[in-house]
Amino acid sequence: MLYPAFIKLKGRRCLVVGGGKVAARKVKMLLACGAKVRVVSPEAVEEIAALAAAGEIDWVRRGFTAGDTAGAFLVVSATDNREVNGRVAQECAAGNILLNVVDQPEFCNFFVPAVIRRGELTVAVSTGGKSPLLARRLREKLEKIFPPAYGEFLEYLGWLRREIISQHPDAKEDFFAALIGPEVLSALERDDIAQARELVKGVYDRYRSQPPDGAR
């Protein structure tokens, strides 16, 4: 069994070995998470070259050599060379470094799931490296279940929760559960954020007019 987790990478040094299209996708994902990215590859696609030219990443223009993983918190090896991937894996194992090797799960000590992002809402699907294609197909289905409204609505809920706690510090958890009833979820599935907010506001207004005894 794998332990599911979300990792904070802001300010962390991350290494990507390889310079192809897959490597470029990994680089962009790491940058989006605030990581400090170094790419090691003798050649690279235009996306990587442009990021290096803009100073957003460090590109070391040569093949992987011993010691390249030193100081890295996380490594992604995105080459099609099994021998290179094996050497990367050996170094990461010796240094207790997180490693994902694209399409070679036997070298990995973590797997990158198929992800849906709706603002701060993240839904991840992993098959433990057994079938990335199945994970992608499931992600496609989930994208229809979680339309973009979820991201904006989550921001509203976060603001509302802070307001409620500041004004009603004794508010019970069952009240927060009541905020998100089946009608709210149905509205979100229709991408109708206005209706979802109106429903939540109605619950809150009723609560404010008649709060439980413990929350007065």
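The opening residue of the sequence shown carries number 1 in our numbering; numbering runs sequentially from there.
We put the CB at the ideal spot given by N, CA and C, even for glycine.
Taken through DSSP and simplified to helix, strand or coil, Ala53 comes out as helix.
The residues Glu189, in chain order, have a CB closer than 8 Å to that of Ile145 in the same chain once the five nearest residues on each side in sequence are set aside.
Annotated three-state conformation of Lys130 is coil, per DSSP.
The DSSP-derived three-state label of Leu98 is strand. In the three-state reduction of the DSSP assignment, Val112 falls in the coil class, being assigned neither a helical nor a strand state.
The continuous alpha helix (DSSP H) containing Asp205 extends over residues Ile193 to Ser209. The residues Pro42, in chain order, have a CB closer than 6 Å to that of Arg62 in the same chain once the five nearest residues on each side in sequence are set aside.
Separation of Tyr3 and Leu51 (C-alpha to C-alpha, rounded to the nearest whole angstrom) is 33 Å. Look at the beta carbons and you see the stretch 27-45 not touching the stretch 91-109: under three pairs across the two are nearer than 8 Å. DSSP lists Arg117 as the beta-bridge partner residues of Thr122. With at least 16 other beta carbons inside 10 angstroms of its own, Lys26 counts as buried. The stretch 58-74 and the stretch 15-23 touch, with three or more beta-carbon pairs separated by less than 8 Å.
Burial state of Ile7 is exposed, judged by a 10 Å Cβ sphere holding fewer than 16 other Cβ atoms.
Under the three-state reduction of DSSP, Lys21 is assigned to helix. With a 10 Å radius around the Cβ and a threshold of 16 neighbouring Cβ atoms, Asp191 comes out exposed. Take Asn109, set aside five residues on each side of it, and the residues of its chain with a beta-carbon closer than 6 Å to its own are Leu99, in chain order. The shortest C-alpha to C-alpha distance from Gly11 to any of Gly71, Ser126 and Ala53 is the one to Gly71. In chain order, Phe146, Tyr150, Gly151 and Leu154 place their CB closer than 8 Å to the CB of Leu121, counting only its own chain and leaving out the 5 sequence neighbours on each side. For Tyr207, the closest alpha carbon among the candidates Pro182, Glu173 and Ala196 is that of Glu173.
For Leu30, the closest of Val112, Gln167 and Ile97 by C-alpha to C-alpha distance is Val112.
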